[in-house]
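*Asks:* Using numbering that gives the first Met the number 0, the final residue of the sequence shown is 305, and nothing's skipped along the way. For glycine and all other residues, C-beta sits at the position ideal for the given N, C-alpha and C. Note that this is a predicted model, so its numbers are computed, not measured. Below you will find the structure I want to go over with you.
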Amino acid sequence: MTKLFTFLKGMAMGAADVVPGVSGGTIAFITGIYDTLLESIRRINPSLIGIIRKEGLKGAFEHINGTFLICLFAGILTSIFTFAKLITWMLETHPIPLWSFFFGLIIVSVIHMFKQVERWSINRFVTIVIGAVFAYGITVLHPVAMEPTPINVLIAGAIAICAMILPGISGSFILLLLGMYAPILAAAKSIDVVTLGLFAIGCVAGLLTFSHFLSWVLRNYRDIALTFLTGLMIGTLSKIWPWKEVVSWRVNSHGEQVPLLEHNLSPFNFEQVTGQPALIGYAICAMVLGILVVWGLEKFAATEQK
0 MTKLFTFLKG
10 MAMGAADVVP
20 GVSGGTIAFI
30 TGIYDTLLES
40 IRRINPSLIG
50 IIRKEGLKGA
60 FEHINGTFLI
70 CLFAGILTSI
80 FTFAKLITWM
90 LETHPIPLWS
100 FFFGLIIVSV
110 IHMFKQVERW
120 SINRFVTIVI
130 GAVFAYGITV
140 LHPVAMEPTP
150 INVLIAGAIA
160 ICAMILPGIS
170 GSFILLLLGM
180 YAPILAAAKS
190 IDVVTLGLFA
200 IGCVAGLLTF
210 SHFLSWVLRN
220 YRDIALTFLT
230 GLMIGTLSKI
240 WPWKEVVSWR
250 VNSHGEQVPL
260 LEHNLSPFNF
270 EQVTGQPALI
280 GYAICAMVLG
290 ILVVWGLEKF
300 AATEQK
């Protein structure tokens, strides 16, 4: 049953990672597996060679918590391949309810993160502000136009995976900024083995490098790290705001027009400015659903730890 729950948590992380602006790391934190995930990845290092010599492959597999990692990443990959088309469709046809759901999810996740901080002081609040400003700065950056060459796919994977394991920073949004979101999503939908393989290699390289640093920070400066990560989540809320006006467009690699710059609107001005319904009722329901999902995950994680 534990394996199934780990797989389902991986699916939740994968679904979040598909959406630009939402981080799978946030889901990992809410479900209580964040520290286990980082520690398991951190143990994949050259010392494994010595463990294999002494205890064999089985001992090394147990040392890195291999069953947990396999179940989790199987869930993530299953979700990405399953939900890639659904999320793309939702973003195109029902963006307001989708963004509202994730907006509610992030709001309640911020509260959840605050609960994890053991000691509050002025420098904790300063760190929150720094994190929020940093994340907001990323959200207003102009996308660049990287061509999906093999080396660029590798680089994009290494950078995006670092963001994916950070609560608050969306790996999908980083891919969007790099101009690599559409090519990678298209590769996932069409199961382009070569592109996905290169992306996976980049992800593994970035993950093994960055996880060591992040794990060390959380062990030695946990409260500072938590408040900075919470600030990151707060700073990305402007990106997830459901009601937007497209200011300018760009042509993607498929010759399609996609939004380049967007401006946030109040739900009351949205219909007047865009001529489209604001769907306030649907948005509220979706936000409440996002809040209930996080609340349920919190309760589930607390039950598991007892």
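Please indicate yes or no: does the CB of T77 lie closer than 7 Å to some heavy atom of the ligand ZN?
*Replies:* With respect to the ligand ZN, the structure offers nothing, as it holds no ligand at all.
*Asks:* Give me, in chain order, the residues of the same chain whose beta-carbon lies closer than 6 Å to that of K2; leave out the 5 immediate sequence neighbours on both sides.
*Replies:* Looking up residue 2 in the sequence shown gives position 3. These residues qualify, in order along the chain: C70.
*Asks:* Suppose contacts are defined by Cβ-Cβ distances below 8 Å. Is S334 in contact with G196 by that definition?
*Replies:* Absent from the structure is residue 334, since the part of the chain shown begins at 0 and ends at 305.
*Asks:* Go ahead and pull the three-state DSSP assignment for N219.
*Replies:* Along the sequence shown, read from residue 1 onward, the residue named residue 219 stands at position 220. Correct three-state label for N219: helix.
*Asks:* In whole angstroms, what is the alpha-carbon distance linking K238 and V132?
*Replies:* To locate residue 238, count along the sequence shown from 1; it is residue 239. To locate residue 132, count along the sequence shown from 1; it is residue 133. Cα to Cα, the separation comes out at about 13 Å.
*Asks:* Once DSSP output is grouped into helix, strand and coil, what is the label at H93?
*Replies:* The residue you call residue 93 lines up with position 94 of the sequence shown. H93 falls in the coil class under three-state DSSP.
*Asks:* Nearest CA to the CA of S120: which residue from L228, I290, M286, D222?
*Replies:* Within the sequence shown, numbered from 1, the residue matching residue 120 stands at position 121. Residue D222 is the option with its Cα nearest to S120.
*Asks:* As an exercise, report each continuous alpha helix (DSSP H) stretch of at least 4 residues that is fully enclosed by the segment 176-233, in chain order.
*Replies:* List check, alpha helix (DSSP H) in window: 180-189, 192-219.
*Asks:* List the DSSP bridge partners of K243.
*Replies:* Reading the sequence shown from its first residue, position 244 is the one you call residue 243. N263, per the DSSP bridge assignment.
*Asks:* Taking all protein chains shown into account, decide if Y220 is buried (16 or more other Cβ within 10 angstroms of its Cβ) or exposed.
*Replies:* Position 221 of the sequence shown, counted from the first residue, corresponds to residue 220. Exposed.
*Asks:* Which of the three DSSP states is assigned to S120 in this structure?
*Replies:* For the purposes of this step, residue 120 is taken as the residue at position 121 of the sequence shown. The answer is coil: DSSP assigns S120 none of H, G, I, E or B.
*Asks:* If contacts are defined as beta-carbon pairs under 8 Å, then I183 and F198 qualify, I think. What distance do you get, rounded to the angstrom?
*Replies:* Here residue 183 refers to the residue found at position 184 of the sequence shown. Here residue 198 refers to the residue found at position 199 of the sequence shown. That pair is a contact at about 6 Å.
*Asks:* Beta-carbon within less than 7 Å of L296's beta-carbon, same chain only, minus the 5 sequence neighbours each way: which residues are those?
*Replies:* Within the sequence shown, the letter at position 297 stands for residue 296. Around L296: I29, T30.
*Asks:* Might you give, ordered along the chain, the residues of its own chain that have their beta carbon closer than 6 Å to the beta carbon of I160, omitting 5 neighbours on each side?
*Replies:* Within the sequence shown, the letter at position 161 stands for residue 160. The residues are C202, G205, L206.
*Asks:* Using only CA atoms, which one of L104, T126, L175, E117 lies nearest to I137?
*Replies:* Walking along the sequence shown from the start, residue 137 turns up at place 138. The option with the nearest alpha carbon to I137 is L175.
*Asks:* Nearest by alpha-carbon distance to F269: which of I95, R218, L104, L236 is it?
*Replies:* Numbered from its first residue, the sequence shown carries residue 269 at position 270. The shortest Cα separation from F269 among I95, R218, L104, L236 belongs to I95.
*Asks:* Pop quiz: G9 and F72 are said to be a contact at Cβ under 8 Å. What is the actual Cβ separation, rounded to whole angstroms?
*Replies:* Within the sequence shown, residue 9 is the residue found at index 10, counting from 1. Within the sequence shown, residue 72 is the residue found at index 73, counting from 1. 6 Å between Cβ atoms; contact.
*Asks:* Quick check on this structure: which residue in M286, I75, A162 has the alpha carbon closest to the alpha carbon of L228?
*Replies:* Position 229 of the sequence shown holds residue 228. Nearest option by C-alpha distance: A162.
*Asks:* As a quick exercise: from A15, A181, I200, V116, pick the residue whose alpha carbon is nearest that of G289.
*Replies:* As a working mapping, residue 289 is identified with position 290 in the sequence shown. The shortest Cα separation from G289 among A15, A181, I200, V116 belongs to A15.
*Asks:* Which value, in whole angstroms, describes the spacing of the CA atoms of V109 and V193?
*Replies:* In the sequence shown, counting from the first residue as 1, residue 109 sits at position 110. In the sequence shown, counting from the first residue as 1, residue 193 sits at position 194. Computed Cα separation, rounded: 38 Å.
*Asks:* If the criterion is Cβ atoms closer than 8 Å, does the pair V107 and W294 meet it?
*Replies:* Here residue 107 is taken as the residue at index 108 of the sequence shown, counted from 1. Here residue 294 is taken as the residue at index 295 of the sequence shown, counted from 1. Their beta carbons are under 8 Å apart, which means V107 touches W294 by this criterion.
*Asks:* So, are the CB atoms of F102 and P241 less than 8 Å apart?
*Replies:* As a position in the sequence shown, residue 102 is number 103, starting the count at 1. As a position in the sequence shown, residue 241 is number 242, starting the count at 1. Yes. Within cutoff.
*Asks:* Tell me the residue span of the alpha helix (DSSP H) that contains R41.
*Replies:* One-based indexing of the sequence shown puts residue 41 at position 42. R41 -> alpha helix (DSSP H) spans 33-41.
*Asks:* Got a sec? Which residues, its chain only, sit under 7 Å from V272 by beta carbon, not counting five neighbours each side?
*Replies:* Looking up residue 272 in the sequence shown gives position 273. These residues qualify, in order along the chain: E244, L264.
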